[in-house]
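Residue numbers (the working numbering): -10 to 281.
From the three backbone atoms N, C-alpha and C, an ideal C-beta is built for every residue, glycine too.
These numbers come from a predicted model, not from an experiment.
For reference, the structure discussed in these notes is given below.
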């Protein structure tokens, strides 16, 4: 049995799903894989579990394999500090953990054997790790997990058709020009000190305009008011044609990802949301990446 942690917003969920699908395709004899969705029974984060709503994915969620009373007991244990991996170990199942990040200590505390591997690297061999029951704690944000089976994954991670007039107008404009998405992540990134410098965006806009003077820029952000207020320092005053994409909030925020994935180019932010849009973009020709 292999269990992958599932948490966070849509992009994190998608990358964790991509990792599991890679493993199933790469090593089909590896036994059943489950996605531990207990996080969403304990935390109210972002828009909750979204893989099914957005992509229509029927993932093999761990919660669906237990009677309601048993699952509720596991959730009570989690609320009291015992992760799903620890609860299984306490019940006598031999469990080991492979952790990509050290935040397993708070998200999935575990007293058993833990194998720590580097973050954001491609190590396919871990999907064949020997052991009867392995719990995987990680985000697996590396392009090779996706690109190894990109045709299959692009089909599975297909957005629903756009039906509302506003987004259809954006989509039509994106398809009819040399469209460049600019993703500016604010929100929690500001509190965490992860926001990118304005100079990165300024230099990226200048570079693209020097080579593509017909580019039309589409600004995607969780704080468009801030972007407008700081347009000069961000370089948003330089393009002759710039469009601020508005209205896709909360449960419809995935539409921003969908529209970005339709653009010819992307000025990348350092968020998984933007990175997933780029991977799903089969028309991507121009992009800039933030400094690491």
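Less than 8 Å between the beta carbons of residue i and residue j, yes or no?
i, j, result
"residue 279", "residue 257", "yes"
"residue -1", "residue 146", "no"
"residue 170", "residue 252", "yes"
"residue 97", "residue 74", "yes"
"residue 255", "residue 131", "no"
"residue 118", "residue 134", "no"
"residue 11", "residue 137", "yes"
"residue 86", "residue 70", "no"
"residue 260", "residue 174", "yes"
"residue 126", "residue 93", "yes"
"residue 26", "residue 51", "yes"
"residue 222", "residue 191", "yes"
"residue 19", "residue 116", "yes"
"residue 99", "residue 72", "yes"
"residue 113", "residue 15", "yes"
"residue 65", "residue 156", "no"
Buried or exposed for residue i, going by 16 or more other Cβ atoms inside 10 Å?
i, result
"residue 55", "exposed"
"residue 176", "exposed"
"residue -4", "buried"
"residue 224", "buried"
"residue 58", "exposed"
"residue 53", "exposed"
"residue 35", "buried"
"residue 179", "exposed"
"residue 29", "buried"
"residue 211", "buried"
"residue 237", "buried"
Looking at residue i and the ligand NAD, is the gap between the Cβ and the nearest heavy atom below 7 Å?
i, result
"residue 256", "No copy of the ligand NAD appears in this structure; indeed no ligand is present at all."
List the whole-angstrom C-beta distance separating residue i from residue j, where the pair is believed to meet the contact cut-off of C-beta under 8 Å.
i, j, result
"residue 89", "residue 38", "Going by Cβ atoms, the distance from residue 89 to residue 38 rounds to 21 Å, so no, they are not a contact pair."
"residue 123", "residue -9", "5 Å"
"residue 249", "residue 209", "6 Å"
"residue 68", "residue 31", "6 Å"
"residue 193", "residue 277", "4 Å"
"residue -7", "residue 24", "5 Å"
Looking only at DSSP bridge pairs, what is residue i linked to?
i, result
"residue -7", "24, 125"
"residue 86", "103, 124"
"residue 277", "256"
"residue 208", "171, 233"
"residue 50", "24"
* To do: Would you check if there are 3 or more beta carbon pairs closer than 8 Å linking the region -9 to 9 to the region 264 to 274?
  => yes
* On the three-pair Cβ rule with 8 Å, is the region 35 to 49 touching the region 139 to 154? -> yes
* **Cβ contact (3+ pairs, closer than 8 Å) linking the region 190 to 209 and the region 217 to 229** => yes
* Is the region 206 to 220 in contact with the region 231 to 244, if contact means three or more CB pairs nearer than 8 Å? -> yes
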